[in-house]
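Asker:
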Amino acid sequence: MSQFQVSEKGYYGEFGGAYIPEMLVPNVEELRASYLEIINSDDFQKEFRGLLRDYCGRPTPLYFAKRLSENYGSRIYLKREDLNHTGAHKVNNTIGQILLARRLGKQRIIAETGAGQHGVATATVCALMGMDCVVYMGEVDMARQKPNVERMKMLGATVVSATCGSKTLKDATNEAIRDWINHPVDTHYIIGSVVGPHPYPDMVARFQSVISEEIKIQLKEHEGRENPDVVIACVGGGSNAIGAFYHFLDEESVRLIAVEGAGEGVESGRTAATSVLGKPGIIHGSMTLLMQDEFGQITEPHCISAGLDYPGIGPVHAFLNKSGRVSYAHATDNEALAAGYRLARLEGIIPALESAHALAYLEKEKFKPDDVVVVNVSGRGDKDLMTYIERRDQFENESTCQPTLGSLQGRLV
Numbered sequence: 011m012s013q014f015q016v017s018e019k020g021y022y023g024e025f026g027g028a029y030i031p032e033m034l035v036p037n038v039e040e041l042r043a044s045y046l047e048i049i050n051s052d053d054f055q056k057e058f059r060g061l062l063r064d065y066c067g068r069p070t071p072l073y074f075a076k077r078l079s080e081n082y083g084s085r086i087y088l089k090r091e092d093l094n095h096t097g098a099h100k101v102n103n104t105i106g107q108i109l110l111a112r113r114l115g116k117q118r119i120i121a122e123t124g125a126g127q128h129g130v131a132t133a134t135v136c137a138l139m140g141m142d143c144v145v146y147m148g149e150v151d152m153a154r155q156k157p158n159v160e161r162m163k164m165l166g167a168t169v170v171s172a173t174c175g176s177k178t179l180k181d182a183t184n185e186a187i188r189d190w191i192n193h194p195v196d197t198h199y200i201i202g203s204v205v206g207p208h209p210y211p212d213m214v215a216r217f218q219s220v221i222s223e224e225i226k227i228q229l230k231e232h233e234g235r236e237n238p239d240v241v242i243a244c245v246g247g248g249s250n251a252i253g254a255f256y257h258f259l260d261e262e263s264v265r266l267i268a269v270e271g272a273g274e275g276v277e278s279g280r281t282a283a284t285s286v287l288g289k290p291g292i293i294h295g296s297m298t299l300l301m302q303d304e305f306g307q308i309t310e311p312h313c314i315s316a317g318l319d320y321p322g323i324g325p326v327h328a329f330l331n332k333s334g335r336v337s338y339a340h341a342t343d344n345e346a347l348a349a350g351y352r353l354a355r356l357e358g359i360i361p362a363l364e365s366a367h368a369l370a371y372l373e374k375e376k377f378k379p380d381d382v383v384v385v386n387v388s389g390r391g392d393k394d395l396m397t398y399i400e401r402r403d404q405f406e407n408e409s410t411c412q413p414t415l416g417s418l419q420g421r422l423v
């Protein structure tokens with residue numbers, strides 16, 4: 011993505027950088043000075059690509075969703091990141107970072123997690139490599155994502171509850187950074203999204219770029235062309251979205267749409283719509299768009315999806331939003347739940363609530379019959395089953411869960 015690469019000092023336009031405590035400077039500087047040389051080396055790429063293929067099950071399918079396409083009158087493909095080992099795209103990044111940590115001589119791994127997908131992926135690769143693992147998770151998220159908490163423990167990780175603030179992803183990240191400050195020599199912090207100080211946003215984006223790399227190859231096989239008309243992905247911090255967009259950023263003919271969690275509505279006061287409400291500010295080591303009050307204090311976000319419940323977006327997304335290269339849209343909690351039920355009924359796939367936000371965008375725009383639309387299904391919905399069940403009566407009988415005759419007329423592919 012030549013037009014949107016990070017600068018040598020770690021900035022995307024005005025966003026990015028490394029705003030860190032003095033005690034972390036040696037760690038971050040060690041990483042910055044060596045990550046490109048290590049991850050671009052032949053032996054690293056051989057091991058990384060081998061594990062993605064043989065351990066994770068890549069390439070993940072690019073599935074033509076026939077009934078969903080009929081419902082919306084376009085050619086809709088689903089990139090099935092939910093079929094990765096551990097059930098989400100997060101493992102692409104954790105495999106890359108743990109191989110990097112091992113080459114840097116680190117013996118201990120820490121991570122933060124919201125929905126638990128990144129925590130499970132980190133615990134998994136730590137078990138694979140025989141490394142100590144501590145995962146920080148908000149108390150609220152631990153309650154609503156209990157199956158993932160138990161999976162992390164079964165894999166041998168220590169899960170530490172973050173009990174401050176909103177007790178969600180932001181607070182888990184704060185606790186992980188405090189741990190890193192206290193263990194600056196032997197510990198590598200596996201950040202799960204394109205957030206944090208440079209070089210994390212660039213490094214995570216490179217590991218996740220395998221998603222768009224595969225889409226190009228697979229779309230050529232399906233449609234005879236590498237580029238779709240539209241790519242849609244959900245955004246919290248934004249790792250799955252930048253992975254899905256990465257190799258299309260310089261392709262101006264490809265529309266890129268990122269969908270944030272609007273919660274109970276963008277103007278409701280209970281939302282995670284950073285691209286609308288955010289102002290430049292510093293969070294977790296980088297300058298980005300951040301929801302904050304008039305005094306510069308962080309505003310607590312709300313989203314039914316734990317993975318999107320974050321008050322900022324990664325600095326690369328802040329830049330792409332400002333430049334206009336990516337369009338940022340929003341879906342409410344109710345719209346995401348309806349989209350999740352709709353995909354289950356039409357295609358037999360229960361998506362993660364994060365992914366359901368991306369799918370909800372299909373209701374917001376009528377695409378042309380010959381438009382090729384790719385939606386990134388970033389994770390599977392097992393972890394969200396209790397939330398789906400709690401709201402089942404509200405959505406099971408909605409007409410939006412089934413294709414109506416009216417929606418099918420004139421819209422068949």
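The numbering of the sequence shown is the numbering used here, which starts it at 11 and goes up by one. Built from N, CA and C at the ideal position, the CB exists for glycine as well.
Mapping the DSSP letters down to three states, classify Leu93 as helix, strand or coil.
Answerer: Residue 93 sits at position 83 when you count from the first residue of the sequence shown. Looking at Leu93 - three-state DSSP - the assignment turns out to be helix.
Asker: Quick test of your reading: Val144 and Ile120, contact by CB under 8 Å. State the CB separation rounded to the nearest angstrom.
Answerer: For this step, residue 144 is matched to residue 134 along the sequence shown. For this step, residue 120 is matched to residue 110 along the sequence shown. Contact between Val144 and Ile120 is confirmed by a C-beta separation of about 5 Å, below the 8 Å threshold.
Asker: I'd like to check one pair, Glu270 with Leu300: are the Cβ atoms closer than 8 Å?
Answerer: As a position in the sequence shown, residue 300 is number 290, starting the count at 1. As a position in the sequence shown, residue 270 is number 260, starting the count at 1. Against a cut-off of 8 Å, the Cβ pair of Glu270 and Leu300 comes out as no contact.
Asker: Have a look at Tyr87, Val264 and Leu330 and flag the residue whose alpha-carbon is nearest the alpha-carbon of Ser285.
Answerer: Numbered from its first residue, the sequence shown carries residue 285 at position 275. Selected option, being the one with the closest Cα: Leu330.
Asker: DSSP puts Gln302 in a beta bridge; with which residues?
Answerer: On the sequence shown, residue 302 is found 292 positions in, with the first residue counted as 1. According to DSSP, which records beta bridges pairwise, Gln302 is partnered with Ile308.
Asker: Would you say Gly291 and Gly306 are within 8 Å of each other, going by their C-beta atoms?
Answerer: One-based indexing of the sequence shown puts residue 291 at position 281. One-based indexing of the sequence shown puts residue 306 at position 296. Result yes, Cβ atoms of Gly291 and Gly306 sit closer than 8 Å.
Asker: At the level of alpha carbons, what is the spacing between Pro413 and Ala349?
Answerer: Translated into positions along the sequence shown, residue 413 becomes position 403. Translated into positions along the sequence shown, residue 349 becomes position 339. With a pLDDT of 44 at Pro413, under the threshold of 50, the modelled position of this residue cannot be trusted; read the value that follows with caution. In this model, Pro413 and Ala349 are separated by some 12 Å (Cα to Cα).
Asker: Give the single residue among Ala282, Ala339, Ala131 and Glu304 whose Cα lies nearest to the Cα of Gly322.
Answerer: As a working mapping, residue 322 is identified with position 312 in the sequence shown. Comparing Cα-Cα distances from Gly322 to each of Ala282, Ala339, Ala131 and Glu304, the minimum goes to Ala282.
Asker: Which term fits Leu78, buried or exposed, when burial requires 16 or more other beta carbons within 10 angstroms of its beta carbon?
Answerer: Locating residue 78 in the sequence shown gives position 68, where the first residue counts as 1. Per the 10 Å Cβ criterion, buried.
Asker: What residues match up with His198 in a beta bridge as DSSP calls it?
Answerer: Position 188 of the sequence shown holds residue 198. His198 is bridged to Ile119.
Asker: Using 8 Å as the cut-off, can you tell me whether the segment 191-202 makes contact with the segment 102-116, which would need three or more C-beta pairs spanning the two stretches below that distance?
Answerer: The segment 191-202 vs the segment 102-116: in contact.
Asker: Roughly how far, in whole angstroms, is the beta-carbon of Gly124 from the beta-carbon of Ile49, given that I think they are within contact range, below 8 Å?
Answerer: Here residue 124 corresponds to residue number 114 of the sequence shown, with the count starting at 1. Here residue 49 corresponds to residue number 39 of the sequence shown, with the count starting at 1. No, Gly124 and Ile49 are not in contact; Cβ-Cβ is about 25 Å, not under 8 Å.
Asker: Among the residues of its own chain, which have a CB less than 8 Å from the CB of Val276, if the five just before and after it don't count?
Answerer: One-based indexing of the sequence shown puts residue 276 at position 266. Around Val276: Ala283, Val286, Leu287 and His340.
Asker: Which same chain residues end up closer than 6 Å to Phe14 when comparing Cβ atoms and leaving out the 5 residues on each side of it in sequence?
Answerer: For the purposes of this step, residue 14 is taken as the residue at position 4 of the sequence shown. For Phe14, where only same-chain residues beyond five positions count, the Cβ hits under 6 Å are Leu259.
Asker: Within this structure, are the beta carbons of Glu91 and Val387 separated by less than 8 Å?
Answerer: Sequence index remark: in the sequence shown, residue 91 carries index 81 (1-based). Sequence index remark: in the sequence shown, residue 387 carries index 377 (1-based). The answer is yes: Cβ separation under 8 Å.
Asker: Would you check if the distance between the CB atom of Phe25 and the CB atom of Ala254 is smaller than 8 Å?
Answerer: The residue given as residue 25 occupies position 15 in the sequence shown. The residue given as residue 254 occupies position 244 in the sequence shown. Going by C-beta atoms, Phe25 is not nearer than 8 Å to Ala254.
Asker: Near Ser417, what residues of its chain come up, given a Cβ to Cβ distance below 7 Å and the 5 sequence neighbours on each side ignored?
Answerer: The residue labelled residue 417 in the question sits at position 407 within the sequence shown. Note on Ser417: pLDDT 40, under 50, position unreliable in the model; the coordinate value appears next. Once the five neighbours on either side are set aside, the close Cβ partners of Ser417 are Asn81.
Asker: Inspect the beta-carbon positions of Gly206 and Asn103 and report whether they are closer than 8 Å.
Answerer: As a position in the sequence shown, residue 206 is number 196, starting the count at 1. As a position in the sequence shown, residue 103 is number 93, starting the count at 1. Result no, Cβ atoms of Gly206 and Asn103 do not sit closer than 8 Å.
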